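Taking the working numbering, the leading residue of the sequence shown gets 260, the next gets one more, and so forth.
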Amino acid sequence: MTAASRGPRPANLAFAESPVQLLNVLEWAHHAGRPDLLVVVLSPTDPMSRGQLRRMAGLARDEGFAVRWQETRGDRGSPARALRDLAPSLVRAERVVVGDPLSRYARVLLALCGPRALTVVPDGTVTMECAARLARAERLVRRHRRDVRDPGGLPLTPVAAPARRRLVPGRRRAVEVFTALPVAPPPGASVTVNRFAWTRARFGPPRLTRGADLVGTALVETGVLDPDRYVGAVAALAAAHGATRYLAHRREGVEKLHRLAVETGLEIVRPDLPLEVVARRGPIGRTVLSFPSPVVHTLPAALAGTGVTITVCGIAPEWLRESASPRAGGFLAAVAESARSAHGLSPTGAGDGVRHLPHGPIMSGNT
Numbered sequence: 260m261t262a263a264s265r266g267p268r269p270a271n272l273a274f275a276e277s278p279v280q281l282l283n284v285l286e287w288a289h290h291a292g293r294p295d296l297l298v299v300v301l302s303p304t305d306p307m308s309r310g311q312l313r314r315m316a317g318l319a320r321d322e323g324f325a326v327r328w329q330e331t332r333g334d335r336g337s338p339a340r341a342l343r344d345l346a347p348s349l350v351r352a353e354r355v356v357v358g359d360p361l362s363r364y365a366r367v368l369l370a371l372c373g374p375r376a377l378t379v380v381p382d383g384t385v386t387m388e389c390a391a392r393l394a395r396a397e398r399l400v401r402r403h404r405r406d407v408r409d410p411g412g413l414p415l416t417p418v419a420a421p422a423r424r425r426l427v428p429g430r431r432r433a434v435e436v437f438t439a440l441p442v443a444p445p446p447g448a449s450v451t452v453n454r455f456a457w458t459r460a461r462f463g464p465p466r467l468t469r470g471a472d473l474v475g476t477a478l479v480e481t482g483v484l485d486p487d488r489y490v491g492a493v494a495a496l497a498a499a500h501g502a503t504r505y506l507a508h509r510r511e512g513v514e515k516l517h518r519l520a521v522e523t524g525l526e527i528v529r530p531d532l533p534l535e536v537v538a539r540r541g542p543i544g545r546t547v548l549s550f551p552s553p554v555v556h557t558l559p560a561a562l563a564g565t566g567v568t569i570t571v572c573g574i575a576p577e578w579l580r581e582s583a584s585p586r587a588g589g590f591l592a593a594v595a596e597s598a599r600s601a602h603g604l605s606p607t608g609a610g611d612g613v614r615h616l617p618h619g620p621i622m623s624g625n626t
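Here is the structure:
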């Protein structure tokens with residue numbers, strides 16, 4: 260499943276491990292003037308992610324970019340085969356575009372190459388976490404990570420320091436962060452605002468429905484939110500705002516989604532592409548409700564000028580599981596507050612019933 264030309268290798272090499280990363284690679288390429296680019300998809304094992312990635316890979320090919328699908332997690336031999344196959348492209352790349360610098364694969368690949376330019380495109384709020392860690396010169400590991408070896412056989416200790424150095428700007432390397440999220444880049448790095456110009460030019464404007472849509476989150480699946488509290492909050496939000504559809508996150512479990520459908524009456528929709536594309540294609544509700552997540556920053560850009568209202572729903576402390584990280588609540592609150600500040604969102608009116616919901620502040624704004 261490869262589509263790379265037999266001519267000279269592209270000078271720009273992009274790695275994507277998720278549908279959102281690949282979308283943002285396309286946005287960067289559009290902003291950069293469609294440079295010669297080879298997109299390498301480091302395939303995940305999750306079926307929903309693989310399906311969305313295959314459709315995004317098709318869009319990338321339609322745009323004229325070479326796309327290489329690389330199986331990386333099929334068995335214990337996959338990582339070694341992937342690194343061997345990618346080595347020639349890594350050595351020749353003048354610019355590398357990477358989506359998640361905290362990813363195990365990304366760190367190994369960064370340690371093996373020495374590009375003159377590096378661009379980081381976002382894969383959710385991990386971009387904010389990574390930028391903060393680089394600014395503080397901290398290790399590039401996730402807050403919950405304790406092990407140092409990938410189940411697929413990727414040792415991290417020997418490559419952690421070289422990977423971190425690749426992300427630090429210097430005389431021989433320019434570092435760019437291309438994102439719609441509010442980030443403080445490492446000293447010497449530049450930030451380019453992603454305004455989702457490719458998505459807006461390629462899709463829409465969408466047809467708006469009369470009802471509201473509620474964006475799902477995988478915070479239950481990641482162990483942050485209590486499932487009973489979450490289902491109750493979704494039911495209350497749907498009743499208060501007249502929501503009719505629930506746009507599921509690709510990592511949400513089937514059993515939880517079935518429970519939501521039964522207990523809330525919402526129509527469960529499993530998007531076949533990243534939400535920014537799905538919303539721009541339409542149809543989409545005139546109001547879109549979302550818990551704190553990257554979409555509260557990306558949807559205002561993707562839906563600019565459409566008249567859609569984005570509403571950000573706060574997370575109450577009692578929703579958190581006892582086993583959740585002590586920093587989880589503060590981080591989620593910071594995501595909501597940063598969206599309010601960045602996009603001019605304001606508190607909802609007292610007469611809309613929201614004040615009776617069992618959760619924290621809610622902010623809304625028209626895109």
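Note that CB positions come from ideal geometry on N, CA and C, so glycine has one too. No experiment lies behind these values; they were computed from the predicted model shown.
{"query": "Beta carbon of V594 nearer than 8 Å to that of V555", "result": "yes"}
{"query": "Sheet register partners of R432 (DSSP bridge)", "result": "G429"}
{"query": "Boundaries of the alpha helix (DSSP H) in which A370 is found, first to last residue", "result": "363-371"}
{"query": "Q311 and P278 closer than 8 Å at C-beta", "result": "yes"}
{"query": "S277, DSSP secondary structure in three states", "result": "coil"}
{"query": "Selected residue, minimal CA-CA separation from P533, among H517, K515, P551, A507", "result": "A507"}
{"query": "Contact belief for W578 with L484 at Cβ below 8 Å, rounded distance in angstroms", "result": "5 Å"}
{"query": "Residue burial classification, T378 (beta-carbon count within 10 angstroms, cutoff 16)", "result": "buried"}
{"query": "Rounded Cβ spacing between R580 and G491 (contact assumed at less than 8 Å)", "result": "About 15 Å; that fails the 8 Å criterion."}
{"query": "Ordered list of alpha helix (DSSP H) runs contained in the region 469-530, each at least 4 residues", "result": "486-500, 513-523"}
{"query": "Pairwise C-alpha distance: V571 and R599", "result": "8 Å"}
{"query": "Which of helix, strand or coil DSSP assigns to V554", "result": "helix"}
{"query": "Per-residue burial, T557 [other beta carbons within 10 Å of its own, 16 or more giving buried]", "result": "buried"}
{"query": "N- and C-terminal bounds of the alpha helix (DSSP H) containing A376", "result": "Careful: A376 lies outside any alpha helix (DSSP H), inside the beta strand (DSSP E) at 376-379."}
{"query": "Residue nearest to W457 in terms of C-alpha spacing, selected from T503, H290, R431", "result": "H290"}
{"query": "Separation of A477 from R586, as counted between CA atoms", "result": "17 Å"}
{"query": "Option in R539, V521, R375, R320 with minimal Cα separation from R293", "result": "R320"}
{"query": "Assigned secondary structure, H403 (DSSP; H/G/I helix, E/B strand, else coil)", "result": "Confidence at H403 is low in this model, with a pLDDT of 41, below 50, so its placement is unreliable and the value that follows should be read with caution. Coil at H403, not helix or strand."}
{"query": "P551 CB to nearest heavy atom of the ligand MG below 7 Å", "result": "With respect to small molecules bound, the structure shown includes none, and the ligand MG cannot be examined in it."}
{"query": "Own chain residues within Cβ distance below 6 Å of R510, not counting five before or after", "result": "A477, E480"}
{"query": "Simplified DSSP assignment, three categories, for A567", "result": "Residue identity check: residue 567 is Val in the sequence provided, not Ala. In this structure, V567 counts as coil in the three-state DSSP scheme."}
{"query": "Candidates A439, R340, G373: closest to G383 by CA position", "result": "A439"}
{"query": "Cut-off 6 Å between Cβ atoms - residues of its own chain near A365, not counting five sequence neighbours on either side", "result": "V357, D359"}
{"query": "Whether R504 touches D472 by CB criterion (8 Å)", "result": "yes"}
{"query": "Among S549, G564, L525, nearest to G573 - alpha-carbon criterion", "result": "S549"}
{"query": "Between the CA atoms of A494 and L516 - distance to the nearest angstrom", "result": "13 Å"}
{"query": "Close beta carbons around V450, own chain, < 6 Å, minus the five adjacent residues each side", "result": "V436, P444"}
{"query": "Outcome for L591 when other beta-carbon atoms lying within 10 angstroms are tallied against a minimum of 16", "result": "buried"}
{"query": "Which of helix, strand or coil DSSP assigns to V326", "result": "strand"}
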